[in-house]
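To start, the structure itself, in structure tokens.
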Amino acid sequence: MDASAKFARPTSSETFYKNNLEILTKQNKDLKHKLDKTERENKSLKKSLYEMSVRYNLLLQPSGQKVKPFDVDAALVSDVADERTNMTHDRGVDVQSHTHVDLKARGDVRDNRLFHFKYELKGHQGSVYCVEFSPDGRLLASGSFDRSVCVWDMENPSREKLWRQTEHNELISNVGWSSDGQLLVSGSYDHTVKVWDVGASTVLSSYESSGFIQAVTFDPSDVNYVYFGTSHNRVCLCDMRQPETIKVLENNTMINTLYVYRDGSYVMTGDSEGNIKTWDIRKRGACVSEFLNDESKKPITHIHACKPLPGETEGRFLGVNSYDNTLRVYDRCSNQKQLSKPDQEPLGQLTLVHAMKGYKNKNWPIKSSFHLGKDYRFSNSAARDNSNIRTDTNNTSSTGFHRDYNVQETLVMATGNADRDGSFFIFDVGGLNGAAAELIQKVEGHTDRVYAVNFHPQDPLLASCSADFSIKLWAPKNIFQARD
């Protein structure tokens, strides 16, 4: 299993990626030019509208009426997060063990928004592909097409970058935090992985590998171990105390995403043929389980687990994004003992409990995120009773949330979206004891694809990053007001 990861001759898949990278670079320049032109026109229009409203106010002065100049920015902020909800289920699909939601089947608008736009972080000069909160939620890391890694201070009222570094030579595909929040790892299409000292904003170590780096993460149980997955079918494990040696697990296709068990005993991978595999690190990296996410074998772009419930070591539910434009939620285990002691054996067969269709994922590295409410309680016995799970796909489960809806009492899942309209989606997937998944909100505010979303580790504060070069923060009103 020990091997040195070195540069290899370009493969056909790598040539494909490089050609597309050149096309994307050209498109990026064109988009920047169009954006600059649009911003100039927008500024001119705002000025004209303001001047017209001032003149209108002057005309009304003889009558005693007063009209304030029209504030375009204030109007946009109030309307930026309008959503569409109330969906019907996909007709003609026979499902007996999970609920199936089709976003396209409903089009009416719900007046009550749960998540509201809070503020925007600007600093990247290209599409932002990844964003992730630190374990304590005080910092936010992001990676971009502009080759930069940024760290943002979420407690600084000025909302400025803590630092920005451009040590990589190609786009940043993924970032990840160490469990103590002191280190950050970044992966790039320049074939390198870099570990950063967050406080000093310097590179502690750098690793080279054949193939593009698709995913990076730390071992949650030991900050000395770094994992990364590559387009050359490899899962690599680096011990920073022995930088000259990289342990390699060989897969039969590209590794797109990684999840490491909290005790470090297993690593799960999602690959380009739609497989979710579990590897036993203690047994020289043997693949101990394999699960096909989709019969059409579409690539998986992201897998992640929710936080553990009280008494659990591992989070019970697994979220999976796929090129088949379906967001899935799996129950990882029906045996509660495995969740508290997963090191004894890997979790059992995945059971599909929710499948949400209608968002766009195909051909783009879309990521999703869970928020486990602090007051959420899950009934294990009810979830195993499949007779409680609704199978009538003609039935509608979403009638709109009430004003007293409490996001801290359920399990919420948000996902990015490759639609060019800049929208993304938030679901309530907490009704796993028989209730169907409910679309809480279609969030609008970005002006291009939303590649990734990430929830704050404690609060229902959501970060989204986009091809429009920006990062936006969203939260319910009470969080919105408390943190401003």
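Residue numbers are given in this note's numbering: position 331 of the sequence shown equals residue 332, and the series is strictly consecutive.
For each residue, glycine too, the CB sits at the ideal point set by N, CA and C.
Contiguous beta strand (DSSP E) elements confined to the region 431 to 482 occur at 439 to 444, 451 to 456, 463 to 467, 472 to 476, taking only those with 3 or more residues. Its Cα nearest to that of residue 278, the residue 253 stands out among 253, 452, 311. Inter-segment contact for the region 177 to 189 and the region 220 to 239 is present: three or more beta-carbon pairs are separated by less than 8 angstroms. Residue pairing from DSSP places residue 287 in a beta bridge opposite 281. Counting of Cβ neighbours within 10 angstroms places residue 37 among the exposed residues, the total staying below 16.
With contacts defined as CB atoms closer than 8 angstroms, residue 234 and residue 301 fail to qualify as a contacting pair.
In this structure, residue 218 lies near residue 261, with their beta-carbon atoms less than 8 angstroms apart.
Distance from the CA atom of residue 418 to the CA atom of residue 440, rounded to whole angstroms, is 14 angstroms.
Listed in chain order, the non-local C-beta contacts of residue 120 below 7 angstroms within the same chain comprise 160, 474, local neighbours out to five positions each way being set aside.
Residue 223: member of the beta strand (DSSP E) spanning 223 to 231, first to last residue.
Rounded to the nearest angstrom, the gap between the Cα atoms of residue 20 and residue 377 is 47 angstroms. Secondary structure of residue 351 (DSSP, three-state): coil. Residue pairing by DSSP places residue 303 opposite 322 in a beta bridge. As the crow flies, the alpha-carbon of residue 310 is around 7 angstroms from that of residue 316.
The beta-carbon separation of residue 194 and residue 204, rounded to 10 angstroms, does not stay under the 8 angstroms limit for a contact.
A direct Cα-to-Cα measurement between residue 276 and residue 158 gives close to 43 angstroms. Residue 152 is a Cβ neighbour of residue 199, given a cutoff of 8 angstroms.
In chain order, 178, 196, 197, 198, 199, 205, 219, 224 place their CB closer than 8 angstroms to the CB of residue 184, counting only its own chain and leaving out the 5 sequence neighbours on each side. Looking at the backbone, the Cα of residue 431 and that of residue 334 are separated by about 16 angstroms. In the structure shown, residue 367 falls within a coil segment according to DSSP collapsed to helix, strand and coil. Here the alpha carbons of residue 174 and residue 454 stand approximately 14 angstroms from one another. Look at residue 126 here: in three-state DSSP terms it is coil, with no helix or strand label. Secondary structure in the region 196 to 220: the beta strand (DSSP E) runs of 3 residues or longer, each lying completely within the stretch, are 203 to 209, 214 to 220 in chain order. Collapsing the DSSP output to three states places residue 409 in a helix. Taken atom to atom, the span from the alpha-carbon of residue 364 to that of residue 264 is near 33 angstroms. In the three-state reduction of the DSSP assignment, residue 39 falls in the helix class.
Rounded to the nearest angstrom, the Cβ distance from residue 379 to residue 415 is 19 angstroms, too far for a contact under 8 angstroms. In terms of Cα proximity to residue 272, the closest of 294, 286, 465, 372 is 294.
Per DSSP, the continuous beta strand (DSSP E) segment holding residue 162 begins and ends at 162 to 166. In this structure, the straight-line span from the alpha carbon of residue 192 to that of residue 479 is close to 43 angstroms.
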